[in-house]
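The working numbering puts the sequence shown at residues 1063 to 1372. Using N, Cα and C, we set each Cβ at its ideal position, and we do this for glycine too. Beneath this line is the structure, given in structure tokens, with notes to follow.
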Amino acid sequence: MANKNTITTEFLGLELASPIVLLSGCVGFGDEYTRLEGFSNADIGGAVLKGTTLEPRLGNAPHRVYETPSGMLNSIGLQNPGVHEVVENILPSLEPFDTHYIANVSGSTIDEYIEVCRIFDDSGIHAIELNISCPNVKKGGMEFGNDPEMSAQVVEACKKTTSKPIITKLSPNQADIKESARKCIEAGTDALSVINTITGMAIDIKGRRPVLGNTFGGLSGPAIKPIALKKVFDVYGVSKKHGIPILGQGGISSAEDAIEFMLAGASLVGVGTALFVDPLVCSKINKGIEGYLEQNNLGSIGQLVGNLVK
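See the structure below:
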């Protein structure tokens, strides 16, 4: 019979209290969320910090966020204080919060990716997520993420630079995500993050102009869940042969959603947009997963991963 400890899991050598990871861009650099009344570190396995670049970035012009039916468009443009500020002043402030932190790294050249990873390598960060698929910027992630060969070049270069586990975040805005996954695995990635947001836009018909200041943005939330689920399923067909775990994400807002992603092949699940609706949703998802395990006489979430009935 399952018990409340069955949601604990291991990922990249890290012992996690929960299979839930807070996604980059939704919790700043972590301290905002951990100060939330009612929050418990036991509710999450870790948090992915805000996207970080070599130099500070001001981000895109407003508007940056727009609510859509069953989702949200964002075009932040990687606003951040730069990796030196993050490592020297932000990470030390997170030490009292006993959870795992994953850096999210972006760059406009391979050399920038290398340098940011090198600086994070000497920090207390637990893993590094390579953002090669960010749809918010005109240079950088989009170009790398849509080309399997270039994606692999970034992974290979960063693996040579850091001893931290590398998680590669795959773009859904490409012709063949399975080929991209295959190339990144061959290049040495330790895990795959599937998927990033889907490129979209909104138009103000009164003003006859794009709503977002940068014209395009990344669509997230329940609207993209069926697409994300299919991408996880596709990538799992490649990754399971190599023992590479998947962090599945895209519209997860309930235990049922999380379980679907696990059955499709995800070892961990990421929650992002749902936090804006219910900041304490992770606790509810955990309880729902525990209940499902008990009802189905399953001993761990590992028994769910890729366990679709054929």
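Of all the options the options, which has the alpha carbon lying nearest to the alpha carbon of residue i?
i, options, result
"Gly1108", "Arg1244, Leu1274, Ile1082", "Ile1082"
"Asp1266", "Ser1225, Ser1255, Leu1360, Phe1278", "Phe1278"
"Asn1122", "Asn1193, Pro1284, Gly1275, Gly1353", "Gly1275"
"Ala1336", "Phe1073, Cys1088, Glu1072", "Cys1088"
"Ser1345", "Gly1100, Ile1172, Gly1250", "Gly1100"
"Ala1326", "Asn1136, Gly1280, Ile1289, Thr1068", "Ile1289"
"Tyr1298", "Gly1262, Arg1270, Val1256, Ala1317", "Val1256"
"Thr1261", "Leu1135, Leu1078, Pro1131, Val1333", "Leu1135"
"Arg1126", "Pro1284, Gly1361, Leu1140, Ile1351", "Leu1140"
"His1304", "Cys1179, Ile1138, Ala1243, Glu1129", "Ala1243"
"Ser1213", "Phe1182, Val1339, Asp1183, Leu1254", "Leu1254"
"Pro1341", "Ile1228, Met1263, Ile1069, Arg1097", "Arg1097"
"Thr1251", "Asn1348, Asp1319, Asp1209, Lys1221", "Lys1221"
"Gly1207", "Glu1157, Asn1258, Lys1372, Ala1219", "Asn1258"
"Asp1183", "Leu1156, Ser1282, Leu1355, Ser1225", "Ser1225"
"Lys1292", "Pro1307, Pro1284, Phe1323", "Phe1323"
"Asp1319", "Ser1301, Pro1284, Gly1353", "Pro1284"
"Ile1138", "Leu1281, Pro1154, Thr1130, Asp1209", "Leu1281"
"Pro1154", "Ile1181, Ser1185, Ile1247, Val1367", "Ser1185"
"Ile1321", "Glu1352, Asp1296, Val1300", "Glu1352"
"Pro1227", "Asn1235, Cys1179, Glu1241", "Cys1179"
"Lys1349", "Asp1105, Leu1085, Ser1086", "Asp1105"
"Glu1241", "Glu1211, Val1148, Glu1150", "Glu1211"
"Pro1124", "Leu1076, Pro1272, Glu1218, Ile1181", "Pro1272"
"Leu1120", "Ser1132, Asn1142, Gln1365, Ser1102", "Asn1142"
"His1162", "Asn1103, Ser1315, Glu1147", "Asn1103"
"Leu1156", "Gly1169, Ile1187, Ile1181", "Ile1187"
"Asp1296", "Glu1356, Glu1218, Gly1368", "Gly1368"
From which residue to which residue does the beta strand (DSSP E) around residue i run?
i, result
"Gly1133", "1133-1136"
"Ser1213", "Where Ser1213 is concerned, there is no enclosing beta strand (DSSP E), although the alpha helix (DSSP H) it sits in stretches over 1210-1221."
"Lys1231", "1228-1231"
"Phe1073", "1071-1073"
"Leu1076", "1076-1078"
"Gly1121", "Run containing Gly1121: none; DSSP gives neither H nor E here."
"Glu1191", "1189-1193"
"Gly1305", "Premise fails: Gly1305 is in no beta strand (DSSP E) and is neither H nor E."
"Glu1150", "Looking at the DSSP string, Glu1150 is not in any beta strand (DSSP E), and its letter there is neither H nor E."
"Thr1130", "1127-1130"
"Val1083", "1082-1084"
Am I right that residue i and residue j are in contact with their C-beta atoms under 8 angstroms? What's the rounded C-beta distance?
i, j, result
"Gly1312", "Ile1286", "5 angstroms"
"Val1216", "Ile1190", "Rounded, the Cβ-Cβ distance is 11 angstroms, inconsistent with contact."
"Val1145", "Thr1114", "5 angstroms"
"Lys1245", "Ser1195", "With 8 angstroms as the limit, Lys1245 and Ser1195 do not qualify as a contact, their Cβ atoms being about 13 angstroms apart."
"Ile1176", "Thr1223", "5 angstroms"
"Ser1329", "Phe1073", "6 angstroms"
"Thr1071", "Gly1361", "No, Thr1071 and Gly1361 are not in contact; Cβ-Cβ is about 12 angstroms, not under 8 angstroms."
"Ile1308", "Val1294", "6 angstroms"
"Ala1264", "Tyr1128", "5 angstroms"
"Ile1247", "Ser1301", "7 angstroms"
"Leu1116", "Glu1205", "At roughly 17 angstroms, the Cβ-Cβ gap does not stay under 8 angstroms, so Leu1116 and Glu1205 are not in contact."
"Gly1332", "Leu1076", "With a Cβ gap of about 15 angstroms, Gly1332 and Leu1076 do not count as contacting."
List the residues that DSSP assigns as beta-bridge partners of residue i.
i, result
"Pro1272", "Ile1265"
"Leu1366", "Paired residues: none, contrary to the question."
"Tyr1163", "Ala1109"
"Gln1311", "Gly1332"
"Asn1142", "Arg1119"
"Thr1114", "Val1167"
In the DSSP assignment, find the alpha helix (DSSP H) that holds residue i and state where it starts and stops.
i, result
"Ser1282", "Element bounds for Ser1282: not the alpha helix (DSSP H) but the beta strand (DSSP E), 1279-1282."
"Phe1323", "1317-1326"
"Leu1355", "1343-1357"
"Ile1172", "1172-1183"
"Leu1291", "1287-1301"
"Val1339", "1336-1339"
"Leu1153", "1153-1156"
Considering only heavy atoms of the ligand HEM, does any lie closer than 7 angstroms to the CB of residue i?
i, result
"Ser1086", "Summarising the ligand content, the structure contains no ligands, and the ligand HEM is consequently not present."
* To do: Could you pull out every unbroken alpha helix (DSSP H) segment of at least 4 residues lying fully inside the segment 1235-1263, listed in chain order?
  => 1239-1249
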